[in-house]
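Residue 1 is where the sequence shown starts when you use our numbering, and the numbers rise one by one after that. Inspection log for the structure reproduced underneath, given as structure tokens.
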Amino acid sequence: MTRKYVDCRETPSVSGCTLAMSGETEELVRAAAHHAADVHGHTDDDELRERIRRSLGDAPVADTRPGAFVQLIEFRTDRIDEVERMAREWAEAIGADRTARWAVVGADRDHPDTYVEIVEFPDHAAAMANSASPVTTRFAENLRKVCVDEPRFVNLQVRSTTDFTF
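What follows is the structure, given as structure tokens:
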């Protein structure tokens with residue numbers, strides 16, 4: 001089962017809370033409701049728990065291992081907010097058919113309006129299933145429309161990983 005997460009930074013509050021939690025859905029809803037009541041002064045009731053349940057996202061997975069597949073997408077646009085909106089719409093539309101495990105988007109500090117997205121899949125077959133989805137095809141077509149030039153795709157088979165935590 002995919003772990004879920006909730007992050008107080010995504011719901012602005014006067015307290016400026018930065019707590020983020022992850023876990024399985026029901027245990028996370030219980031913990032987040034307790035936190036919302038204890039720290040933010042909300043009433044722990046069915047309505048609060050349902051709002052929390054709707055706000056849960058899939059927890060990022062950063063345990064890439066040899067055999068995984070990583071795709072880098074380099075693109076140039078002055079409409080990054082639109083690209084980010086389209087990515088959220090893609091994630092919602094593809095739903096349970098999503099095979100990507102995590103993604104990171106970075107802005108190139110040396111080249112304005114240049115971005116790199118790194119997307120990780122469990123393996124090459126999962127990446128190809130993602131690419132074959134009509135939802136992904138529409139996303140790629142729409143991405144091309146807001147880019148200055150053709151996005152560049154680099155497909156990488158993960159050979160090794162190094163954990164730098166000590």
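Every residue, glycine too, gets a C-beta built ideally from N, C-alpha and C.
Under the three-state reduction of DSSP output, arginine 3 falls in the coil class, being neither helix nor strand. In the DSSP assignment, serine 55 falls within the alpha helix (DSSP H) that extends over 46–55. Look at serine 133 here: in three-state DSSP terms it is coil, with no helix or strand label. For valine 6 and glycine 57, the gap between their C-alpha atoms comes out near 7 angstroms. By the neighbour-count criterion, in which a residue is buried when 16 or more other Cβ atoms sit within 10 angstroms of its Cβ, threonine 161 is exposed.
In this structure, the straight-line span from the alpha carbon of histidine 40 to that of glutamate 10 is close to 14 angstroms. Nearest to glutamate 150 by alpha-carbon distance, out of Ser131, Ala132, Val119, Tyr115, is Tyr115.
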